Structure formats: C-alpha cells, structure tokens
Amino acid sequence: MYLSIVMPVYNEEQNVHLVYEATVKAVSPLKKEWELLMIDDGSQDNSLDEMKKIAQKDPEHVRLIVLRRNFGQTAAIAAGIDNSHGEIVVLCDADMQNDPADIPMLLDKLNGGYDVVSGWRYDRQDKFLTRVLPSHIANWLISKVTGVHLHDYGCTLKAYRREVLSGFHLYGEMHRFIPVYADSVGAKIAEVRVHHHARKFGKAKYGLERTFKVILDLFTVKFLTSYANKPIYLFGGLGTSLIGIGAAVLLYLFIRRVWFQVSVTATPWFLISVTSVIMGFQSVLMGFIAELLVRTYHESQNKPTYTIRTVINGQDSKPLRKE
Numbered sequence: 006m007y008l009s010i011v012m013p014v015y016n017e018e019q020n021v022h023l024v025y026e027a028t029v030k031a032v033s034p035l036k037k038e039w040e041l042l043m044i045d046d047g048s049q050d051n052s053l054d055e056m057k058k059i060a061q062k063d064p065e066h067v068r069l070i071v072l073r074r075n076f077g078q079t080a081a082i083a084a085g086i087d088n089s090h091g092e093i094v095v096l097c098d099a100d101m102q103n104d105p106a107d108i109p110m111l112l113d114k115l116n117g118g119y120d121v122v123s124g125w126r127y128d129r130q131d132k133f134l135t136r137v138l139p140s141h142i143a144n145w146l147i148s149k150v151t152g153v154h155l156h157d158y159g160c161t162l163k164a165y166r167r168e169v170l171s172g173f174h175l176y177g178e179m180h181r182f183i184p185v186y187a188d189s190v191g192a193k194i195a196e197v198r199v200h201h202h203a204r205k206f207g208k209a210k211y212g213l214e215r216t217f218k219v220i221l222d223l224f225t226v227k228f229l230t231s232y233a234n235k236p237i238y239l240f241g242g243l244g245t246s247l248i249g250i251g252a253a254v255l256l257y258l259f260i261r262r263v264w265f266q267v268s269v270t271a272t273p274w275f276l277i278s279v280t281s282v283i284m285g286f287q288s289v290l291m292g293f294i295a296e297l298l299v300r301t302y303h304e305s306q307n308k309p310t311y312t313i314r315t316v317i318n319g320q321d322s323k324p325l326r327k328e
C-alpha cells in the first residue's frame, strides 16, 4: 500500500460524499495503491449511514472505522493511523474546508526528500476573531516553545512517512503536535500553501476553548520532546536555581545581621529563602527519581535512545524501517 488517507468524521452527513468524490478525483490519477479510512467519531446525525453507503460502493478503497462514542479528533486520527497500511499517511478533515485536490502536491513535496509536509492555510476562510486570530497566536507560541517553526499547526492536511509516526501515542489535542514529535526523531519537515474553503454545510466543532487546551498540551509536548530522556536537566536546573536564589538571600540576611544588626527573622525573606532552598533540594531529588524511571522504561522495553535514518555499507544505502 502506497497511500493511506485518514479522515476523522463527526456530524458531517452533507459533506462525506463530497469529500469522498473529491478524494477519488485527486488520487486516482496517481496510479498508486491507496486507501481512504473514514473514522466515525460517534456522529449523532446520519454521517455513519452515508459512510456505510460509500464503503459498500467502493470496498476496494474505502474502509470505515466506527468508534463506540465521541472520543475527539485526536483519538479518531490515532485510530485511523493504527489501522492504516500505507507507506505514506495523509491526514485530512471531512468538512470540505481542506481540499483533497492538494494531496498530490503534498506527495510531490514529500518525494523531494522530506519526512513530513505540513499544509498552510495561507488564505484561511474562517472568522478572524474567533478562529484565525487565536490560531495565529497559538502557532507563534508553539513555534517559539518547540523550535519547530510552522505557520499553521492547526491545519489537519498533512503528509507523513509512516516511520516518523511510530514510537509515540496521541492524547488530548496532540494530533497538531505530530510534526514536533517527528522533529524530535530527526524528521525533515517542509510546509506548503494549501487551499482552504469556507464551510458550506454543518458547523464548526471547536471554538476559543480549544486554544486553552492546546496551550496546556504544549507544556506536555515540550517536556516529552526536550526532557523525557534527561529529566534531571529540567528538575535539576530548576532545583539548583531555587537553591542558588535561596542561598543568596540567606547570605544577604547574614551580612545584614552581622554588619548592621538587623534581625534575620524579622523579615519574611528568611522564610522565603529557606523554603526556596528546601524546594530546590526536593526538585533535584525528583530529577534523580525521574532519571531512574526513564532508565527503567527504556531498559524494560528494550527501547533505544536513538533513531537511525540510513546505514551505508559503501555500496548502497537504504532507510531502516520498523517491521
């Protein structure tokens, strides 16, 4: 299987036939083996019935995965990825705002030596205050925190080589952070401008509250990508900083007591500094415990702390793929 298109669906009964036809029109000329995985995420309208008709009409290409309830977009995407077979996985929304006609462009860019190609909704057709502006802020913040600079993390339309999707699980709203996970294992990432259309049928499933969830998930992603293998750098760095600050304040209080006869305990800074030193030692000890847990995790599951792109024997080179 060359291409798997993963498409989460939630209450899109008027769009599923349109997006299926647009997908077939886009990928059929490629003359490659492909599959479309439509994941029903607990739809409450007639989306499931419409997708059953599509699956019966085109059993060669369409696979329907029905979740027991509404688990959210990230869980639906994870279910699609886990049940797909393609060497390349493309994620696409079912609301017809993403344009399946852009899929060949993503594949062309991917074949240029990249592992991830991310869509950028350059001319986004959504409400500015409630959708576009919060998205710009979130994209800027994610790029600054993670160091992976993309204009549009929220665009579902992305293409991945399968090997960069292994080794992690998706929770919360973390599907948008897949490029960050891929970058942590050395993936080469590109971004291309894609079309974006105004929604014609149905209604948007997310509002401003999603921005706050994304920010909370960002803290988790930053920890997992930067400190998961060396947590002592985070806890130890924080602990030594607290110890240093507390020690400096105690030294100041000591000097003031010796030279100026000012009581040490007469100021709240004494209690603050002692607390800071104690918290610092606790943070360092937490770092040691976290280091033991990381080593137990890797050694018990025989997980390496590295990833290999290619092995060259002097005659040929080829990527290593996990069987």
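Numbering (this note's numbering), first residue to last: 6 to 328. C-beta: ideal position from N, C-alpha, C; glycine also. All of these numbers come straight from a predicted model, not from anything done at the bench.
- Message: By alpha-carbon positions, which one of V199, G177, V169 ends up nearest to L221?
- Response: Against the sequence shown, residue 221 aligns to sequence position 216. Checking every option, the nearest Cα to that of L221 belongs to G177.
Quiz item: Of the choices V24, L69, A27, H22, whose alpha-carbon is the least far from that of I44?
Solution: Here the question's residue 44 lines up with position 39 in the sequence shown. Checked all of V24, L69, A27, H22; the closest Cα to I44 is L69.
**Report entry** Nearest residue (CA-CA) to D107, options V29, V21, K149, V282
**Finding:** For this step, residue 107 is matched to residue 102 along the sequence shown. Comparing Cα positions, the closest option is V29.
| said: At the level of alpha carbons, what is the spacing between L325 and Y165? | reply: Start at 1 with the first residue of the sequence shown, and residue 325 comes out as number 320. Start at 1 with the first residue of the sequence shown, and residue 165 comes out as number 160. Residue placement at L325 cannot be trusted, given a pLDDT of 48 that sits under 50; what the coordinates show is reported in the next sentence. In a straight line, the C-alpha of L325 is about 16 Å away from that of Y165.
Which class does V121 belong to by DSSP, given the choice of helix, strand or coil? Within the sequence shown, residue 121 is the residue found at index 116, counting from 1. It is a strand residue.
What residues are listed by DSSP as bridge partners for R126?
-> Position 121 of the sequence shown, counted from the first residue, corresponds to residue 126. Looking at the DSSP assignment, R126 forms a beta bridge with V199.
With a 10 Å radius around its C-beta and 16 neighbouring C-beta atoms as the bar for buried, classify D63 as buried or exposed. For the purposes of this step, residue 63 is identified with residue 58 of the sequence shown, where counting begins at 1. Burial call: exposed.
- Task: Could you name the residues of the same chain whose beta carbon sits closer than 7 Å to that of D50, not counting the 5 residues immediately before and after it, in chain order?
- Result: Counted from its first residue, the sequence shown places residue 50 at position 45. For D50, where only same-chain residues beyond five positions count, the Cβ hits under 7 Å are N16, E18.
- Closest Cα partner of I250 within the set S171, I283, Y127, A60: Counting from one through the sequence shown, the residue named residue 250 turns up at place 245. Ranking S171, I283, Y127, A60 by Cα distance to I250 puts I283 first.
message: Taking its Cβ as the centre, do 16 or more other Cβ atoms sit within 10 Å of Q266, making it buried, or is it exposed?
response: As a first step, residue 266 is located in the sequence shown; it is residue number 261 there, counting from the start. Classification for Q266: exposed.
Practice task
Take H156 and list the residues in its own chain whose beta-carbon comes closer than 7 Å to its own, dropping the five residues that flank it on each side.
Solution key: As a first step, residue 156 is located in the sequence shown; it is residue number 151 there, counting from the start. Closer than 7 Å at the Cβ level, and outside the excluded window around H156, lie W125, N144, E196.
Whether L170 touches I260 by CB criterion (7 Å):
If you number the sequence shown from 1, residue 170 lands on position 165. If you number the sequence shown from 1, residue 260 lands on position 255. No, these two residues do not count as a Cβ contact at 7 Å.
Just tell me which of C160, V289, R262 has its CA closest to the CA of T79.
-> Residue 79 sits at position 74 when you count from the first residue of the sequence shown. Of the listed residues, the one whose Cα sits closest to T79 is C160.
- Determine the contact status of G244 and V289, defining contact as a CB-CB distance below 7 Å. Within the sequence shown, residue 244 is the residue found at index 239, counting from 1. Within the sequence shown, residue 289 is the residue found at index 284, counting from 1. A contact, by the Cβ cut-off of 7 Å.
* To do: Quick one: using the 10 Å Cβ neighbour count with 16 as the cut-off for buried, is M101 buried or exposed?
  => Start at 1 with the first residue of the sequence shown, and residue 101 comes out as number 96. By the 10 Å Cβ count, M101 comes out buried.
* Reducing DSSP to helix, strand and coil, say where R136 ends up. => What you label residue 136 is simply residue 131 of the sequence shown in a count that begins at 1. The answer is helix: DSSP assigns R136 an H, G or I state.
Worksheet entry | Through-space distance from A233 to L23, alpha-carbon basis | Counting from one through the sequence shown, the residue named residue 23 turns up at place 18. Counting from one through the sequence shown, the residue named residue 233 turns up at place 228. About 43 Å.
### Query
Going along the chain, which residues of its own chain have a beta-carbon closer than 7 Å to the beta-carbon of K37, five neighbours each way excluded?
Stepping through the sequence shown from its first residue, residue 37 is reached at position 32. Once the five neighbours on either side are set aside, the close Cβ partners of K37 are Y7, L8.
- Query: When we look at the beta-carbon of T225 and count the other beta-carbons within 10 Å, is it buried (16 or more) or exposed?
  - Reply: Position 220 of the sequence shown holds residue 225. By the neighbour-count rule (16 or more Cβ atoms within 10 Å), T225 is not buried but exposed.
Among A252, V254, Y257, K235, whose alpha-carbon lies nearest the alpha-carbon of F293? By 1-based counting over the sequence shown, the position of residue 293 is 288. Nearest option by C-alpha distance: K235.
Margin query: Using a Cβ-Cβ cutoff of less than 7 Å, which residues in the same chain neighbour D188 once the five nearest sequence positions on both sides are dropped?
Written below: Numbered from 1 along the sequence shown, position 183 holds the residue referred to as residue 188. Around D188: V153, I194.
Q | Burial state of K327 (16 or more Cβ within 10 Å) | A | Working through the sequence shown from its first residue, we reach residue 327 at position 322. Summary for K327: the model assigns pLDDT 45, below 50, so the residue's position carries little reliability; its value from the coordinates is reported in the next sentence. By the neighbour-count definition (other C-beta atoms within 10 Å, threshold 16), K327 is an exposed residue.
Where L41 falls: helix, strand or coil (DSSP)
Sequence index remark: in the sequence shown, residue 41 carries index 36 (1-based). Note: L41 maps to strand in three-state DSSP.
- Going along the chain, which unbroken runs of the alpha helix (DSSP H) with 4 or more residues stay wholly within the segment 261-296? none
Margin query: Using a 10 Å radius around the Cβ and a threshold of 16 neighbouring Cβ atoms, would you call W264 buried or exposed?
Written below: Residue numbering aside, residue 264 sits at position 259 when the sequence shown is read from its first letter. It counts as exposed.
Item checked: CA-to-CA distance, L239 to L298, given in whole angstroms -> Position 293 of the sequence shown holds residue 298. Position 234 of the sequence shown holds residue 239. Cα to Cα, L298 sits roughly 15 Å from L239.
- Reduced DSSP secondary structure (H/G/I, E/B, other) of R326: As a working note, residue 326 is residue 321 in the sequence shown. With a pLDDT of only 48 at R326, under 50, the local geometry of the prediction cannot be trusted, and the value read off the model is given with reservation. Three-state result, R326: coil.
* In the DSSP assignment, what are the bridge partners of S9? -> To locate residue 9, count along the sequence shown from 1; it is residue 4. Answer by DSSP bridge pairing, in chain order: E40, V94.
| Can you list, in chain order, the residues of its chain whose CB lies under 6 Å from that of Y25, leaving out five sequence neighbours each side? | Stepping through the sequence shown from its first residue, residue 25 is reached at position 20. Answer for Y25: I59, listed in chain order.
Review point. What residues in its chain sit with their C-beta under 6 Å from that of S278, if we drop five residues either side in the sequence?
Key: Here residue 278 corresponds to residue number 273 of the sequence shown, with the count starting at 1. The answer, listed in chain order, is G251, V254, L255.
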